[in-house]
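Here is the structure we will look at, set down as structure tokens.
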Amino acid sequence: MTFAPQASIDHAALRHNLQQVRQSAPRSRIWAVIKANAYGHGMPDVAHVLADADGFAVARLEEALRLRAFGSRKPILILEGVFTAEGLRQAMAADCQLALHQPEQLRLLETAAQGRPPGATLHRSSARVWLKVDTGMHRLGFRPAEVAGVAQRLRDCRGVSELQLMTHLANADDRADPLTHAQCEAFDRLPLHLFDALSIANSAGLMGFPCAVRDWVRPG
Ligand SMILES: *Cc1c(COP(=O)(O)O)cnc(C)c1O
Numbered sequence: 204m205t206f207a208p209q210a211s212i213d214h215a216a217l218r219h220n221l222q223q224v225r226q227s228a229p230r231s232r233i234w235a236v237i238k239a240n241a242y243g244h245g246m247p248d249v250a251h252v253l254a255d256a257d258g259f260a261v262a263r264l265e266e267a268l269r270l271r272a273f274g275s276r277k278p279i280l281i282l283e284g285v286f287t288a289e290g291l292r293q294a295m296a297a298d299c300q301l302a303l304h305q306p307e308q309l310r311l312l313e314t315a316a317q318g319r320p321p322g323a324t325l326h327r328s329s330a331r332v333w334l335k336v337d338t339g340m341h342r343l344g345f346r347p348a349e350v351a352g353v354a355q356r357l358r359d360c361r362g363v364s365e366l367q368l369m370t371h372l373a374n375a376d377d378r379a380d381p382l383t384h385a386q387c388e389a390f391d392r393l394p395l396h397l398f399d400a401l402s403i404a405n406s407a408g409l410m411g412f413p414c415a416v417r418d419w420v421r422p423g
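Under my numbering, read the sequence shown as residues 204 to 423, first letter to last.
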């Protein structure tokens, strides 16, 4: 009888999963989604094991700051974005990328950008923003009709250096649900040329739906 430590089994499985993602989406970059303390596996540990990911996505600013405090220097995406000027300042100081899914968050960026001289950044680093559009999940995100206008306002914000577009799949676990294809089609009707990079797929999306595999994938 052997006593393989549970953690090392998890580590091997995690690395294997990441390899699977690479094979399924060889031309995409990978946000390893490690929100909720890496789904209970322990965020610093998992971040260490998944060092081959292109970046880490967490839900909240606090998680992003913790990850930086643990020494991670990879790109970090905050999936719910920030909600206060101080949160924005901290996120920028920690060089985090921000999802933006509601008008208050847009106004926050605009306010921070106001009065800055041309070419100046918002803070030490420039802001890389992921505009989140609701293509059918009906939970978070701007409506498709709002995307062009919001993109323009973000382009007008001094200090926003990269503008990217993402959506979240509602039910990609069910390969028979036509909603996922409908979401991809709704995404493709958006003015995609306004954006520097695109992202649709979560884990189930990238395994089951080639239409969802874009510049970045976001397996959890
Ligand atoms: C949680 C989450 C993911 C990862 O989803 P999985 O179904 O665990 O792969 C991807 N993107 C966003 C925006 C998320 O909130």
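Every residue, glycine too, gets a C-beta built ideally from N, C-alpha and C.
The structure presented is a predicted model; accordingly, all values stated were derived computationally and were not measured.
Neighbour flag for L395 against chain B, beta carbons, 9 Å: Absent here is chain B; the protein component of the structure consists of one chain.
Proximity test, K238 beta-carbon vs ligand 1 heavy atom, cut-off 8 Å: yes
With which residues is G362 paired in a DSSP beta bridge? Its beta-bridge partners do not exist; DSSP assigns none.
Alpha-carbon to alpha-carbon, I279 and N359: The sequence given here places Asp at residue 359; Asn does not occur at that position. C-alpha separation (whole angstroms): 24 Å.
Taking only the alpha-carbon atoms, compute the straight-line gap between N220 and C414 and give it to the nearest angstrom. 20 Å
Can you check whether the CB of A400 is closer than 9 Å to the CB of D372? Strictly speaking, residue 372 in this sequence is Leu, with Asp absent from that position. Contact flag unset, no.
Which parts of the segment 329-378 are runs of the beta strand (DSSP E), unbroken and 3 residues or longer, counting only runs that do not cross its ends? 330-335, 363-369
Just to confirm, does L282 get its C-beta within under 8 Å of one of the non-hydrogen atoms of ligand 1? yes
Helix, strand or coil for L282? Go by DSSP, reduced to three states. coil
Span separating the alpha-carbon of P381 from that of E365: 32 Å
Classify L395 as buried or exposed, calling it buried when 16 or more other Cβ atoms lie within 10 Å of its own Cβ. exposed
Going by the C-beta, is N405 closer than 8 Å to any heavy atom of ligand 1? yes
Decide if T314 is buried, meaning its Cβ has at least 16 other Cβ atoms within 10 Å, or exposed. exposed
Using the beta-carbon count (16 or more within 10 Å), is R331 buried or exposed? buried
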